[in-house]
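Student:
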Amino acid sequence: MDEVKQLVTDIKNRNLKPIYFLMGEEPYYIDKISDFIEDNVLTEEERGFNQMVLYGRDVSVEDIVGNAKRFPMMAEYQVVIIKEAQDLSRTIEKLASYAENPQPTTVLVVNYKYKKIDKRKALYKAIKKTGVVYESKKLYENQVADWIRRVLSPKGYSITPKAAQMLVEFLGTDLSKINNELEKLQIILPKDSQITPEHIEENIGISKDFNNFELRKAIGERNAIKAYRIVNYFADNPKDNPMVVTVSLLFNFFSQLLHFHGLNDKSPRNVASALKVNPYFVNEYITAARNYPMKKVSTVVATLRTFDVKSKGVGANAVSQGDLLRELLSIILN
């Protein structure tokens with residue numbers, strides 16, 4: 001995120017590079033940087049003659065080079081943006097000769113999503129000398145809640161840990177989807193608001209009481225009544241609460257609990273650091289560890305592996321998702 005801010009600052013200050021090669025598994029920042037260049041390098045009047053957007057599936061590397069070598073018309077720069085450039089992965093190395101001596105009045109932006117170029121080869125080395133190579137890495141699930149807070153803070157909003165966790169559990173690590181939902185909330189809520197689970201439930205449709213976050217908490221507390229109530233809700237709404245996601249999240253929770261049992265230093269700060277969780281949730285692990293000794297946790301982890309296979313239809317075709325979840329819960333709580 002800091003690297004992106006620096007790139008944006010440089011572009012605002014007209015410290016432009018002839019090539020921006022944007023690559024990596026997370027498309028969110030690739031789109032953000034590319035869109036910022038598209039909207040800000042040229043004036044509206046200059047764009048008509050000096051800005052073009054091409055798509056990897058429709059052009060060759062030779063076409064890109066030909067367009068990049070043109071001179072701008074009545075402007076200081078021309079901007080050439082290549083979207084979906086990963087479609088040129090077999091021939092993208094041919095761009096190396098241009099990258100070694102790029103047209104200084106062209107800003108060439110290459111959006112190379114979900115893939116990376118080989119850092120040992122000529123293209124990467126050439127662009128590093130003359131332009132910018134930005135690698136957009138996928139965030140781990142435990143990093144996304146912090147990302148949400150960092151995105152909201154400059155805009156004058158905050159979010160409770162539970163609300164952030166609800167978004168992560170419902171939307172996963174797809175930053176574009178999460179950002180879209182955050183933007184909806186920012187339209188509805190005044191600045192300086194704190195986004196709460198109630199806001200998430202009312203405006204995004206994620207139940208604050210019936211979700212995997214609350215199920216995990218209920219299981220950790222051995223609150224059987226609450227856990228079965230949530231599982232029954234999941235059984236009645238299987239499309240919104242797929243079992244494969246529930247099993248995966250519970251597997252991660254009990255795997256972390258196994259790690260917790262192995263820690264010598266169980267102070268809240270060390271637990272948060274070792275398990276890579278928000279300090280707000282540390283007490284959940286402390287409570288769960290009291291309720292589930294290490295031997296029981298090991299058994300639950302093995303059980304969850306079995307049910308992960310069943311949730312994908314292997315050996316359990318005739319059993320409903322609800323019945324599988326109830327069976328799983330019975331094994332965990334007993």
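In UniProt numbering, the protein residues as written are 1 to 334.
Glycine is no exception: its CB is placed at the ideal position from the N, C-alpha and C atoms.
Would you mind working out which of Arg222, Lys162, Met74 sits nearest Gln51, comparing C-alpha positions?
Tutor: Numbered from 1 along the sequence shown, position 51 holds the residue referred to as residue 51. The residue with the shortest Cα to Cα distance from Gln51 is Met74.
Student: Buried or exposed for Tyr29, going by 16 or more other Cβ atoms inside 10 Å?
Tutor: Within the sequence shown, residue 29 is the residue found at index 29, counting from 1. So Tyr29 counts as buried.
Student: Run through the UniProt domain "DNA polymerase III delta N-terminal" (20-135) for me and flag every whole beta strand (DSSP E) of 3 or more residues, listed as ranges in chain order.
Tutor: Complete beta strand (DSSP E) runs here, min 3: 51-55, 78-83, 106-113, 132-135.
Student: Work out the CA separation of Lys226 and Lys128 for me, nearest whole Å.
Tutor: What you label residue 128 is simply residue 128 of the sequence shown in a count that begins at 1. What you label residue 226 is simply residue 226 of the sequence shown in a count that begins at 1. Going from the Cα of Lys128 to the Cα of Lys226 covers about 55 angstroms.
Student: Figure out for me which residue from Glu181, Ser320, Leu167, Lys191 has the closest Cα to the Cα of Asn142.
Tutor: Taking the first residue of the sequence shown as 1, we reach residue 142 at position 142. Comparing Cα positions, the closest option is Leu167.
Student: Under a Cβ-count criterion, where at least 16 other Cβ atoms within 10 Å of its own Cβ denotes burial, should Thr43 be classed as buried or exposed?
Tutor: As a first step, residue 43 is located in the sequence shown; it is residue number 43 there, counting from the start. The residue is exposed, with fewer than 16 neighbouring Cβ atoms inside 10 Å.
Student: With DSSP as the reference, identify every bridge partner of Ser158, one or two as the case may be.
Tutor: Reading the sequence shown from its first residue, position 158 is the one you call residue 158. Its beta-bridge partners are Gln194.
Student: In the DSSP assignment, find the alpha helix (DSSP H) that holds Thr173 and state where it starts and stops.
Tutor: On the sequence shown, residue 173 is found 173 positions in, with the first residue counted as 1. Segment: none, Thr173 is in no alpha helix (DSSP H) and carries neither H nor E.
Student: Is Asn264 helix, strand or coil when you go by DSSP?
Tutor: On the sequence shown, position 264 is the one that residue 264 refers to. The answer is coil: DSSP assigns Asn264 none of H, G, I, E or B.
Student: Locate the alpha helix (DSSP H) running through Ser311, then write down its first and last residues.
Tutor: For the purposes of this step, residue 311 is taken as the residue at position 311 of the sequence shown. From DSSP, the alpha helix (DSSP H) with Ser311 extends over 294-311.
Student: Taking Ala145 as part of the alpha helix (DSSP H), name the residues at either end of that continuous run.
Tutor: As a position in the sequence shown, residue 145 is number 145, starting the count at 1. First-last of the alpha helix (DSSP H) with Ala145: 141-152.
Student: Have a look at Lys137, Leu249, Tyr98 and flag the residue whose alpha-carbon is nearest the alpha-carbon of Leu171.
Tutor: Position 171 of the sequence shown, counted from the first residue, corresponds to residue 171. Ranking Lys137, Leu249, Tyr98 by Cα distance to Leu171 puts Leu249 first.
Student: Excluding sequence positions up to five away, which residues of its chain have a Cβ less than 8 angstroms from the Cβ of Phe213?
Tutor: In the sequence shown, residue 213 corresponds to position 213, counting from 1. Within the same chain, Phe213 has close Cβ partners Lys162, Gln165, Met166, Glu169.
Student: Can you have a look at Thr106 and say buried or exposed, based on whether 16 or more other CB atoms are within 10 angstroms of its CB?
Tutor: The residue given as residue 106 occupies position 106 in the sequence shown. When all chains shown are included, Thr106 counts as buried.
Student: Could you round the C-beta distance between Ile37 and Val109 to whole angstroms and report it? I think they count as a contact, below 8 angstroms.
Tutor: Numbered from its first residue, the sequence shown carries residue 37 at position 37. Numbered from its first residue, the sequence shown carries residue 109 at position 109. Their Cβ separation, rounded to whole angstroms, is 5 angstroms, which keeps Ile37 and Val109 in contact under 8 angstroms.
Student: Taking Val247 as the reference, give the member of Leu325, Val282, Val41, Ala145 with the closest Cα.
Tutor: In the sequence shown, the residue the question calls residue 247 occupies position 247. With distances taken between Cα atoms, Val247 lies closest to Leu325.
Student: According to DSSP, simplified to helix, strand and coil, what is Leu16?
Tutor: For the purposes of this step, residue 16 is taken as the residue at position 16 of the sequence shown. Three-state DSSP puts Leu16 in coil, outside helix and strand.
Student: Taking the alpha carbon of Leu139 as the point to measure from, which residue in Gly156, Ser153, Leu175 has its own alpha carbon closest?
Tutor: Residue 139 sits at position 139 when you count from the first residue of the sequence shown. The shortest Cα separation from Leu139 among Gly156, Ser153, Leu175 belongs to Leu175.
Student: For Lys137, which option in Leu258, Tyr114, Asn15, Glu84 has the closest C-alpha, if you only look at C-alpha atoms?
Tutor: Here residue 137 refers to the residue found at position 137 when the sequence shown is read from its first residue. Nearest option by C-alpha distance: Tyr114.
Student: Quick check: what's the CA-CA separation for Lys32 versus Arg222?
Tutor: The residue you call residue 32 lines up with position 32 of the sequence shown. The residue you call residue 222 lines up with position 222 of the sequence shown. The straight-line gap from Cα to Cα measures roughly 44 angstroms.
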